[in-house]
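Visitor: Residue numbering for the sequence shown follows the UniProt record's numbering, beginning at 1 and increasing consecutively.
Just so it is clear, CB atoms sit at the ideal spot from N, CA and C, and this is done for glycine as well.
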Amino acid sequence: MQLFNPDAEQAPLIADTPEPKKIPLLEREPQCGDIRTWSVSSIQVFEDCPYRIYLSKVKKCPEPPAEALERGSRIHELLENFVMGHTEEDTLGEVKYFIDEAKRFREGYAEGKVIVEDDWAYNTQWEPTGWVADDTWGRMKLDIMVFEDETSAEINDWKTGKKYPMKAGFQGMVYALGAFARYPKLEFIKSRFLYVDKGDTFEKTYTRGRMDSLKERINLRALALTTETHFPPKPAKWSCRFCPHRETGNCEFAEN
């Protein structure tokens with residue numbers, strides 16, 4: 001009995017099935033993924049290592065308190081208290097490079113021209129919504145906003161540690177879009193990052209005319225997170241070094 005005919009056309013060992021067509025990000029249901037909301041920091045963590053955001057947001061693995069984050073929160077609190085008039089200049093020893101700026105914000109706050117530590121949230125259409133609402137999609141925490149007049153404002157963000165212009169640039173773009181969406185009369189926004197340890201600043205300006213192009217760039221990065229259901233690890237010495245899940249042992253892929 002002949003079991004194999006060498007002249008016969010052979011069927012493939014594995015069927016030639018086409019890969020499922022990927023739906024472009026802008027055509028996907030915006031919150032169809034495992035993580036339905038985003039912030040600037042969560043997008044940046046996701047882009048550095050999807051598995052890290054999965055452990056934090058999906059598996060809810062606990063994260064030990066980070067000393068740098070605790071210090072940042074403390075400095076934000078002391079600046080908030082000073083700007084709102086609850087404390088005096090002698091509390092600003094850790095922000096010596098920006099005492100004059102803090103005084104300017106304090107004066108503006110007393111005049112009703114400054115917003116301090118506000119929570120902004122938006123739905124998928126970039127309409128303001130509640131921080132925890134059924135349609136919440138994006139969240140951002142404002143440090144200081146100075147209204148120069150009805151059409152012009154300045155957004156300031158306190159930073160501790162090193163300057164990372166690319167990360168700051170993205171955050172500034174997001175907050176500018178958030179401000180334009182929240183305050184329809186605004187036409188011009190200056191975004192400023194104040195690095196308290198070195199006295200450095202990083203600034204960008206935005207106009208309402210750029211709003212559509214900003215929105216598309218931001219939406220692409222946000223949708224990549226909120227439509228994702230697969231979170232592969234990206235182990236690397238630099239990113240793993242600062243990952244809380246390496247310290248706890250929750251990440252089996254972490255590099256030493």
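Do K215 and Y195 count as a contact pair if the criterion is CB distance below 8 Å?
Guide: Taking 8 Å as the Cβ cut-off, Y195 and K215 do not qualify as a contacting pair.
Visitor: From L92 to I75, what does the alpha carbon distance come to, in whole angstroms?
Guide: Roughly 9 Å between the two C-alpha positions.
Visitor: What would DSSP say about C243, mapped onto helix, strand or coil?
Guide: Looking at C243 - three-state DSSP - the assignment turns out to be coil, as it is neither helix nor strand.
Visitor: Alpha carbon to alpha carbon, how far is T160 from R208? Give it in angstroms, no decimals.
Guide: R208 and T160: Cα-Cα distance of roughly 29 Å.
Visitor: Per DSSP, which one or two residues make a beta bridge with N123?
Guide: Bridge partners of N123: none, in fact.
Visitor: Who pairs with A153 in a beta bridge, going by DSSP?
Guide: Answer is F147, I189.
Visitor: Our contact map puts W137 next to W38 with C-beta atoms below 8 Å; I'd like the distance itself, whole angstroms only.
Guide: Going by Cβ atoms, the distance from W137 to W38 rounds to 7 Å, so yes, they are a contact pair.
Visitor: DSSP three-state call for L13: helix, strand or coil?
Guide: Because L13 sits at a pLDDT of 41, beneath the cut-off of 50, its placement in the model cannot be relied upon, and the following sentence gives the value as read from the coordinates. L13: coil per DSSP, three-state reduction.
Visitor: Could you spell out where the alpha helix (DSSP H) holding D34 opens and where it closes?
Guide: No alpha helix (DSSP H) holds D34; DSSP gives it neither H nor E.
Visitor: Go through its chain and collect everything with a Cβ distance to L78's Cβ below 6 Å, but skip five positions before and after it.
Guide: Excluding residues within five positions, the ones whose Cβ falls inside 6 Å are T91.
Visitor: Is I115 helix, strand or coil by DSSP?
Guide: The answer is strand: DSSP assigns I115 an E or B state.
Visitor: With DSSP collapsed to three states, give me the class of E203.
Guide: It is a strand residue.
Visitor: Measure the alpha-carbon distance for L186 versus A236 and round it to whole angstroms.
Guide: So the two alpha carbons sit approximately 42 Å from each other.
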